[in-house]
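Peer 1:
Protein chains: 2
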Amino acid sequence: MPSPQNAPAVNRLLEGLPNGNRRRMLAGCEPVELAFGDVLYTTGGLLKHVYFPTRSFISLVMPIGGAASLEVGLIGNEGMFGVPLALGVDVSPVRAVVQGAGPALRMDAARFSRELRESPALRRQIDRYIFVHLSQLSQTAACTRFHVVEARLARWLLMTQDRAHADGFHITQQFLALMLGVRRVGVTKAASSLQKRRLIHYTRGNITVLDRPGLRAASCVCYRADREAYDQILG
Amino acid sequence: MPSPQNAPAVNRLLEGLPNGNRRRMLAGCEPVELAFGDVLYTTGGLLKHVYFPTRSFISLVMPIGGAASLEVGLIGNEGMFGVPLALGVDVSPVRAVVQGAGPALRMDAARFSRELRESPALRRQIDRYIFVHLSQLSQTAACTRFHVVEARLARWLLMTQDRAHADGFHITQQFLALMLGVRRVGVTKAASSLQKRRLIHYTRGNITVLDRPGLRAASCVCYRADREAYDQILG
DNA sequence: GCGCTTGTGTGCGCTAGCGAGCAGACCGGG
DNA sequence: CCCGGTCTGCTCGCTAGCGCACACAAGCGC
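So the sequences go chain by chain: A and B.
For the first sequence, our numbering begins at 1 and goes up steadily by one.
For the second sequence, our numbering begins at 1001 and goes up steadily by one.
#1: At a Cβ cut of 9 angstroms, what residues of the stretch 1064–1077 of chain B count as close to chain A, listed as they run along the chain?
#2: Here's the rule I'm using: 16 or more other beta-carbon atoms within 10 Å means buried, otherwise exposed. How should Ser1069/B be labelled?
#3: Please classify Gln1174/B: is it buried, with 16 or more other beta-carbons within 10 angstroms of its beta-carbon, or exposed?
#4: In terms of residues, what are the limits of the beta strand (DSSP E) holding Asn1206/B?
#5: Run the CB neighbour count on Glu150/A, radius 10 Å, all protein chains shown included, and call it buried at 16 or more, exposed below.
#6: Please decide whether Ile58/A counts as near chain B, where near means a Cβ-Cβ distance under 9 angstroms.
#7: Does the distance from the CB of Gly73/A to the CB of His133/A come in under 9 angstroms?
#8: Between Val1209/B and Ser1219/B, what straight-line distance do the alpha-carbon atoms span, to the nearest angstrom?
#9: Can you find a C-beta in chain B that's less than 9 angstroms from the C-beta of Arg145/A?
#10: Given a cut-off of 9 angstroms on the beta-carbon distance, is the pair Tyr1041/B and Gln1136/B in contact?
#11: So, is the C-beta of Gly88/A closer than 9 angstroms to a C-beta in chain B?
#12: Within 10 Å of its beta-carbon, does Asn1077/B have 16 or more other beta-carbons around it, so buried, or fewer, so exposed?
#13: Does the pairing of the stretch 1028–1047 of chain B with the stretch 1082–1096 of chain B give three or more beta-carbon distances under 8 angstroms?
#14: Please list, in chain order, the chain A residues whose beta carbon lies closer than 9 angstroms to that of Asp1229/B.
#15: By the DSSP assignment, the beta strand (DSSP E) with Ala1190/B in it spans what residues?
#16: In chain A, which residues lie with their C-beta within 7 angstroms of the C-beta of Gly1082/B?
#17: Under 6 angstroms Cβ to Cβ from Phe146/A, same chain only, skipping five residues before and after it: list those, please.
#18: The beta strand (DSSP E) that contains Glu1030/B, what's its start and end?
#19: Got a sec: is the Cβ-Cβ distance from Ala1177/B to anything in chain A below 9 angstroms?
#20: Taking 9 angstroms as the cut-off, decide whether the C-beta atoms of Ala1067/B and Thr144/A are in contact.
#21: So within the stretch 1147–1186 of chain B, which uninterrupted beta strand (DSSP E) runs reach at least 3 residues, ignoring any that extend past its ends?
#22: Against chain B, with Cβ distances strictly below 9 angstroms, would Ala142/A count as a contact?
#23: Would you check if the distance between the CB atom of Met1239/B and the CB atom of Glu1030/B is smaller than 9 angstroms?
#24: Suppose contacts are defined by Cβ-Cβ distances below 9 angstroms. Is Ile1130/B in contact with Leu1087/B by that definition?
#25: So what does DSSP say about Val1039/B, is it helix, strand or coil?
#26: Let me make sure I understand the geometry here. Which of Val39/A, Arg163/A, Leu17/A has the alpha-carbon closest to that of Arg227/A?
#27: Let me know if Ser1059/B comes out buried or exposed under the rule of 16 or more other beta-carbons within 10 Å of its beta-carbon.
#28: Between Asn11/A, Leu34/A, Glu33/A, which has its C-alpha nearest Arg23/A's C-alpha?
#29: Going by C-alpha to C-alpha distance, which of Ser1193/B, Ala1110/B, Gly1065/B, Ala1101/B sits closest to Ile1075/B?
#30: Only counting runs of 4 or more residues, tell me where the alpha helix (DSSP H) segments fall wholly within the stretch 1075–1115 of chain B, in order along the chain.
#31: Does Met1107/B come within less than 9 angstroms of chain A when only Cβ atoms are used?
#32: How would you list, in chain order, the residues of chain A whose beta-carbon sits under 8 angstroms from the beta-carbon of Gly1181/B?
#33: DSSP has Ile1200/B in a bridge; who is on the other side?
#34: Which whole-angstrom value describes the C-beta separation of Gln1139/B and Ala1217/B, a residue pair presumed to lie in contact below a C-beta threshold of 8 angstroms?
#35: Following a CB-centred definition, is Ala9/A positioned closer than 8 angstroms to any heavy atom of the ligand GTP?
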């Protein structure tokens, strides 16, 4: 669903709460502006806040053996960053990097825990989100193993477009390579193939999706699976 | 930790509970005997029970595109099967297959939900386990992407040995191939290399670990990372 | 306008793992 | 004792992706 540029700046996880709970949560959150490349968490540190992106989006990256890394989650206004806090743990195995600049709502860890204890509706909502996250993580693990770079790239672009609420966004191929866990040249090859087929257009980090249905056809089933998991549980 | 063959048949998740809660849980569970190959859950069905293995162990397998599949979790007496139920969802994206025969404790879904609501200590314990599961899943995703078959096989053998509470266990190479998401020949090559180096011995599905430290050296860092994640959070 | 940084496109030799197919070894049942 | 199923080992040709290195082009600061 390529939301229009002027989609309302809300977080769907919070919107799904009953009125009272939602108001309480919104009141407890502080609006912040996230800049591209901001690192919200690095492994080894402590989680101090949860973030509910509204128009920004955040990438969860698993570092492994020095240079290599792999994206294991992408969080837009359909989700939240800080799942471990909901599980009573204040660390995380993954880095959190702002992938798309924009506003988000943030709540400090202690308050979030309190709200969670006091609001069964919130707890329920977050639990379901954790389930979806778990499903998508399993899907990503298998996808990364079995699908070719081009299909995975197409999937990534679709996921990002959903979260960017726009047809275009900024991301260099070098960065994409880190997300997909491949070499930059691999991305170049896949991207130029998609461009030749008029599915996308890009120059120096500015990517535009031209043909969304075509891109879906070029992507692996995993994109669809992710969407379905979300819609089924939180839709 | 290669537990001795005569390790007590308990589930560590339940053992970690305060006395009252533990007794309540044990009373609510029914002892069952799991047979090798039993399928406790197939995608599309409903989760009717949670299982706490005591001497058995269960493999979580993500099916993808027909024939291919990939193991995304291995559950022994350190964990439980049925995490989605703890998150208020009664389906799962993965198949659950009994990998090691033996006893387990099982509780029906409704009762488990009730216990979870009524016992904060249980909730806390399960939440932490979910976090560990999440961490290990992220680790597995990256491991599967970056590490060679031989190292991944070594890791798998170590993880299985931990859960089998014995040096030897039964698993054919064909089955291993499905777990690791590679061809059978790939497993044959890796396994015979490990055997040549006197780290393991196997014939017709009976695998014995001969040199555990050597196997650790041959495995990727992921084995260690998993252990540490568990010990830190639930140890 | 010049030079530097950043992003993209190549090419080359190499390896891990793929698909398919075959052969022998082992084992249990009739 | 043989037959058939199961498990393991190996081959062949092939491809996706790797590491490395180099070329060029577009934008930016000065």
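Just so you know, even glycine gets a beta-carbon here, dropped at the ideal spot from N, CA and C.
Peer 2: Let me spell this out:
#1: Ile1064, Gly1065, Ala1068, Ser1069, Leu1070, Val1072, Gly1073
#2: buried
#3: Label assigned to Gln1174/B: exposed.
#4: Counting along the chain, the beta strand (DSSP E) containing Asn1206/B begins and ends at 1206–1209.
#5: buried
#6: No, its Cβ sits nowhere closer than 9 angstroms to a Cβ of chain B.
#7: yes
#8: 13 angstroms
#9: yes
#10: no
#11: yes
#12: buried
#13: yes
#14: Sequence check: residue 1229/B is Ala here, not Asp. Within 9 angstroms Cβ-Cβ: Pro93.
#15: Going by DSSP, Ala1190/B is part of no beta strand (DSSP E) but of the alpha helix (DSSP H) stretching over 1184–1196.
#16: Under the 7 angstroms cutoff, chain A gives no residues; its nearest Cβ is about 12 angstroms from Gly1082/B.
#17: none
#18: 1030–1034
#19: no
#20: no
#21: 1168–1170
#22: yes
#23: Coverage of chain B is limited to positions 1001 through 1235, which leaves residue 1239/B absent and any answer about it impossible.
#24: yes
#25: strand
#26: When C-alpha distances from Arg227/A are compared across Val39/A, Arg163/A, Leu17/A, the shortest belongs to Arg163/A.
#27: buried
#28: Asn11/A
#29: Ala1101/B
#30: 1083–1086
#31: no
#32: Ala142, Arg145, Phe146
#33: Answer by DSSP bridge pairing, in chain order: Val1209/B.
#34: About 19 angstroms; that fails the 8 angstroms criterion.
#35: Because no ligand of any kind appears in the structure shown, any question about the ligand GTP cannot be addressed here.
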